[in-house]
Amino acid sequence: MKDLKDKTCFLTGAASGIGRSFAFALAKQGMKLFITDIDTEGLEQVKTEIEQEYPEITVYSMKCDVSKLSDFEEAFKEFNSKLGDVDLLINNAGIGVADTLTNIDLEIWKNVLDINLMSIIYSLKVFLPHMLERKSGHIVNVSSGAGIFGSSEPLPYITSKFAVVGLSEGLFSHLKNYDINVSVIVPGYIKTNIFDSGIKNSNYDPKMLKDFGREKLEEVYNSWMENIINSAMSPDVAVRKYIRQIKKDQLYIFDSAFIKDILALKGKTKEYEAFLVNYQEMQAKDMREHFHEHGINIEDYM
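Each residue of the sequence shown is one higher than the one before, starting from 4 at the first, in our numbering.
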């Protein structure tokens with residue numbers, strides 16, 4: 004899809020982060036936008052700012068809880084009545100989680116998978132049949148570097164993002180003969196509030212919670228996340244990279260050579276296994292040292 008001007012776009016998770024940057028960047032490209040999010044206040048602010056900056060652009064907004072098929076069905080009806088057929092479908096909404104290996108309950112697994120994976124399945128359920136009828140369109144799913152390798156992220160997040168990559172690859176091969184393009188975005192560290200959602204959605208170790216209290220633990224985890232964010236890429240910069248690659252109809256879309264190199268390393272079995280272990284140990288060491296600086300011997304709770 005080399006020319007985005009006057010094309011239509013349905014975008015989830017548009018109230019902040021990568022989604023917000025996508026909304027503004029695509030408006031600049033001249034697209035007609037239908038933006039959604041569960042955060043209606045943030046969503047309306049994005050809509051208002053786009054209308055002020057790009058008064059010639061058509062932009063609609065609607066609340067959409069991506070964990071519910073019914074919300075997608077309603078959003079599709081509204082999109083169809085306002086803009087007709089979809090040219091660019093961007094499944095961006097997602098959440099993080101900050102739980103430890105032994106402290107993840109089933110409700111957290113379900114919540115992460117519902118929002119990060121099932122949301123894309125619901126999106127496909129309502130939009131794909133019409134794209135197949137027309138034999139046109141481009142689907143973009145946002146995964147993560149944690150969907151390429153077994154990173155230090157919590158397991159529900161890794162599982163959901165690996166699934167998004169696999170789903171996207173399968174779609175790519177199935178839909179090519181229908182002239183429908185598929186891309187999967189594999190971000191590195193981006194300055195978004197997904198880190199905050201990870202803290203809010205976390206269950207702390209009960210003994211650690213008793214010994215230090217939630218306020219102290221949130222302070223320590225937030226400062227840990229702040230260290231990561233300080234070295235992260237701006238979502239505006241990242242999205243400009245993504246759009247250039249979307250226009251080239253690429254399957255894999257990266258903002259970091261590091262993630263691309265990891266994907267290539269997978270073909271070298273022993274080297275890749277060593278990388279996984281070493282990466283995990285390096286991240287664990289950094290976290291231990293961070294907790295020690297705040298007076299918490301985290302090894303006592305692992």
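Backbone N, C-alpha and C define an ideal beta-carbon position, used for all residues, glycine too.
It should be emphasised that the depicted structure is a prediction, and the values quoted were computed from it without experimental measurement.
- Taken in chain order, the whole alpha helix (DSSP H) runs of length 4 or more contained in the segment 203 to 244 are 209 to 233.
- For Leu268, same chain residues with a beta-carbon under 8 Å away, outside a window of 5 residues either side, are Glu274, Tyr275 and Phe278 in chain order.
- Taking 3 residues as the minimum length, the beta strand (DSSP E) runs contained wholly in the segment 23 to 48 are 35 to 40, in order along the chain.
- Straight-line measurement puts the Cα of Phe25 at about 8 Å from the Cα of Asp239.
- In this structure, Ser146 is the residue among Met134, Ile142, Ser146 and His133 with its C-alpha nearest to the C-alpha of Leu120.
- Around the beta carbon of Lys179, fewer than 16 other beta carbons sit within 10 angstroms, so the residue counts as exposed.
- Annotation: Ser70 is outside any alpha helix (DSSP H) and is labelled neither H nor E by DSSP.
- Beta bridge pairing from DSSP links Phe13 with Phe37 and Leu92.
- One Cα belongs to Gln48, the other to Tyr304, and the distance between them is close to 42 Å.
- Across the structure, Tyr181 and Lys138 are spaced so that their CA atoms are roughly 5 Å apart.
- The three-state secondary structure of Lys269, taken from DSSP, is coil.
- Positions of the alpha helix (DSSP H) runs, each at least 4 residues long and wholly inside the segment 103 to 133, are given as 109 to 116 in order along the chain.
- In this structure, Leu14 and Ile38 form a Cβ contact; the two beta carbons are roughly 5 Å apart against a cut-off of 8 Å.
- If you check the CB distance, Leu36 and Cys12 come in under 8 Å.
- Cα atoms of Tyr57 and Met65: separation of roughly 19 Å, rounded to the nearest angstrom.
- Going by beta carbons, Gly97 and Ile111 fall outside the 8 Å limit.
- Look at Ser139 here: in three-state DSSP terms it is coil, with no helix or strand label.
- Judged by DSSP in its simplified three-state form, Val187 adopts strand.
- Selection Ile60, Ile231 and Ile188 evaluated against Phe257 yields Ile188 as nearest (Cα-Cα).
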